[in-house]
Amino acid sequence: MLLAARCGPAPTQSGPPATRPVVTTVQGDSSVAAAIRVLLDTTSASAAGRAAARPGLQAGAEVRAFYGPAGAPVWLVGAGPGPDAAAALALLAQAPAHGLRPADYGGERLLLLRDSLAGPGEPVGRASQKARFDVYLSDAVLGFMRDVSRGRLHRYTASAREKAAGPGGQPGPQLRAALAGHAVPAAMLAGQPANREYRQLQQALAQWLALPSAPDSAVRQRARYEQVAANLERWRWDALPPAPDYVLINLAACELLVVARDSVQRRYRVVVGKPTTPTPILSSIIDHFTLAPDWHVPRSIATREMLPQLKRDAGYLASHNYALYDARGRLLNARRINWARVTVRNFSYTIRQSAGCDNALGNIVFRFANPYSVYVHDTPERQVFARPYRALSHGCVRLETPFVLAAYLLRRGGQPVQLPSEAECARQPRPRDVRLRRPMPLFVRYATCTAEGGRLRFLPDPYHRDETIRRGLFGPSLTP
1 MLLAARCGPA PTQSGPPATR PVVTTVQGDS SVAAAIRVLL DTTSASAAGR
51 AAARPGLQAG AEVRAFYGPA GAPVWLVGAG PGPDAAAALA LLAQAPAHGL
101 RPADYGGERL LLLRDSLAGP GEPVGRASQK ARFDVYLSDA VLGFMRDVSR
151 GRLHRYTASA REKAAGPGGQ PGPQLRAALA GHAVPAAMLA GQPANREYRQ
201 LQQALAQWLA LPSAPDSAVR QRARYEQVAA NLERWRWDAL PPAPDYVLIN
251 LAACELLVVA RDSVQRRYRV VVGKPTTPTP ILSSIIDHFT LAPDWHVPRS
301 IATREMLPQL KRDAGYLASH NYALYDARGR LLNARRINWA RVTVRNFSYT
351 IRQSAGCDNA LGNIVFRFAN PYSVYVHDTP ERQVFARPYR ALSHGCVRLE
401 TPFVLAAYLL RRGGQPVQLP SEAECARQPR PRDVRLRRPM PLFVRYATCT
451 AEGGRLRFLP DPYHRDETIR RGLFGPSLTP
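Residue 302 in full-length UniProt numbering sits at position 302 of the sequence shown, and the numbers go up by one each step.
Quick look at the structure:
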């Protein structure tokens, strides 16, 4: 159980010491190899019969490729499991420190099989027991390597805009090389995401599990653990690529971080998309920003929000500094249009808001390529940043101190560009693009748990995405 694990010794990221005697596996044990070939045989009469003969084998194709036609055992030394098997079992027992369940890798079954091999002599059926232990341990290790590298639920997506990254490397050849060099624990963990967000969260989880049980209820502790595990799973789907520095927007935290030298250099509050219009997960590069921008209103906003206003008041656009254009780009007078006859379906206009103090984008907008037409921008509604809940926008990200970020990006590239004050932008609202000499990587992610200074930080789940992942990993929730 999870709570029992919290009372034990601190989980670590490495297995037993790397220094151990060089051993030779039982490559010549023909009876065990024959039993392995039978166990992995895919030509038996029926799929149901094969499933009954090999209960719980998860990575069948990978395991068969790993053993090849010879089927020689890889974990046995002499009469039983060797040091590499012990190292692998020890790391599988630490699966909770990685947000995974030992039961998903047949932990109890493997221990029973291991213990069954400890008796003296070679009783009838011992070759079959050895074969099962060898095959099931290979299956468990290959599955664990796959899961920590690209996620246990990598074939699925938690939402339309939270996509799995897809398969990573092939663990079979990596495990073969690790067995040859007696470096199994390192190989089992080598595929983990390398980005700081994953590393810090995994390390903080391991430390948290080692603490004495808190006075919270077992159900609450379990819920917290599963929240951390869901976020480790997210990072495996879409880990950040290597970058010396970058901007990271965490939608669940409603904050923007500037990360450099593996630490947070700056932190800003942001407003992100509402649950009905969520900001998408994306990776891009900020290559320029626009001062005193105008705003081309998206069709969805024009038809869903502005059209009802125009039906009530044809002067709505003029009073809010908007201009109306037809399909050919010709300026129109909104008061001369019979808005009662305009519907969402036949709406053929474009609406643009000129630069100015009341522009929805504020005085500056950061541009980056993406298929969703979203950007990071200023806003005239500064009061919203004082709210604890800031999932309020149509999908774009509003930044509390955009000129501070712009100055940082310019200094980073050594650019002698003099930024105007916000007052100057308001007095002379002419759009101007500023290209960055050093474009900045940008990552937008969704993490409801982070780690700071070795401590777990639990966050809200405004888009209600955790439960789908949690159920995929752990099944139905516990009830008090």
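C-beta: ideal position from N, C-alpha, C; glycine also. Predicted, not measured: the structure shown is a model, and the values here were computed from it.
Counting C-beta atoms within 10 angstroms of its own C-beta, H464 has fewer than 16 neighbours from the protein chains shown and is therefore classed as exposed. By the criterion of a C-beta distance shorter than 8 Å, L113 is surrounded in its chain by Q129, R132, F133 and Y136, once the five residues flanking it on both sides are discounted.
In this model, T343 and A292 are separated by some 32 Å (Cα to Cα).
With respect to Y198, L248 sits apart: the two C-beta atoms are not nearer than 9 Å.
With respect to L100, D139 sits apart: the two C-beta atoms are not nearer than 9 Å. Around the beta carbon of V259, 16 or more other beta carbons sit within 10 angstroms, so the residue counts as buried. Per DSSP, reduced to three states, the secondary structure at L232 is helical.
Excluding residues up to 5 positions away in sequence, V270, V272 and R390 lie with their Cβ nearer than 6 Å to the Cβ of C254 in the same chain. The DSSP-derived three-state label of H98 is helix.
Distances from the CA of R437 to each of Q418, G414 and T450 were compared; the closest alpha carbon is that of G414.
Note that the C-beta distance between F366 and A302 is not below 9 Å.
Between I286 and P439 a beta carbon distance of about 6 Å is seen, short of the 8 Å cut, so the two are scored as contacting. Under the criterion of beta carbons closer than 8 Å, L179 and V74 qualify as touching, at roughly 6 Å. Every beta strand (DSSP E) stretch that sits fully inside the segment 352-394 and reaches 3 residues is listed by chain position as 364-368 and 391-393.
H98 and Q202 do touch by the CB rule: their CB atoms are close to 6 Å apart, below 8 Å.
In the three-state reduction of the DSSP assignment, L112 falls in the helix class. Counting along the chain, no alpha helix (DSSP H) covers V272; the unbroken beta strand (DSSP E) around it starts and ends at S263 to G273.
Annotated as distal: L310 and T350, with beta-carbon spacing of 9 Å or more.
For E424, the three-state secondary structure derived from DSSP is helix. I281 sits in coil when the DSSP states are folded into three classes, being neither helix nor strand. Under DSSP, the beta-bridge partners assigned to V77 are G80. For the pair L442 and R457, the Cα-to-Cα distance works out to about 22 Å. P441 has I285 as its beta-bridge partners, per DSSP.
Annotation for D245: no alpha helix (DSSP H) segment contains it, though the beta strand (DSSP E) segment containing it runs D245 to N250. DSSP places E255 outside any alpha helix (DSSP H); the residue lies instead in the beta strand (DSSP E), whose first and last residues are E255 to A260. Membership of A323 in the beta strand (DSSP E) is indicated by the continuous run Y322 to Y325.
Spanning the alpha carbons of P173 and R220 requires a straight line of approximately 41 Å. The continuous beta strand (DSSP E) containing T450 extends over residues C449 to E452. Under the DSSP assignment, F458 falls in the beta strand (DSSP E) whose first and last residues are R455 to F458. Approximately 18 Å separates the beta-carbon atoms of A252 and L473; this is outside 8 Å, ruling out the contact. V397: member of the beta strand (DSSP E) spanning V397 to L399, first to last residue. CA-CA distance, S31 to D262, rounds to 53 Å. Annotation for A230: D466, I469 and R470 place their beta carbon closer than 6 Å to its own, counting only its chain and skipping 5 residues before and after. According to DSSP, L117 shares a beta bridge with no other residue. For F347, there is no enclosing alpha helix (DSSP H), since its DSSP letter is neither H nor E. Burial state of T290 is buried, judged by a 10 Å Cβ sphere holding 16 or more other Cβ atoms.
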